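Contents: one structure, followed by commentary.
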Ligand SMILES: [Zn+2]
């Protein structure tokens, strides 16, 4: 399964089209944040999970297309 599938099952996220530029919110096991970026008009996956690093209480974890499509262990 892909990371997008995992989030869709666990928190009901979905694919969105970016309206503003945004950096991918995924943080790897090594603690480093993904360097992927979403430009306006690009597809990204919104996990629908609250991002505790976000300054906004409504901020959710957003994944770049590469992270969302990455195969993970289920
Ligand atoms: Zn990413």
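Numbering (our numbering), first residue to last: 14 to 87. We put the beta carbon where it would ideally sit given N, CA and C, even for glycine. Since this is a predicted model, take the numbers as computed values, not measurements.
Check                                                                                                                                                                                      : Outcome
Taking residue 70 as the reference, which of 18, 61, 77 has the closest Cα?                                                                                                                : 61
Which residue or residues does DSSP assign as beta-bridge partners of residue 46?                                                                                                          : 40
Find the nearest neighbour of residue 77 within the set 64, 49, 54, judged by alpha-carbon distance.                                                                                       : 49
Nearest to residue 80 by CA position, among 25, 32, 37, 24, is which residue?                                                                                                              : 37
Give me, in chain order, the residues of the same chain whose beta-carbon lies closer than 8 angstroms to that of residue 26; leave out the 5 immediate sequence neighbours on both sides. : 17, 20, 58, 59, 60, 61, 62, 73
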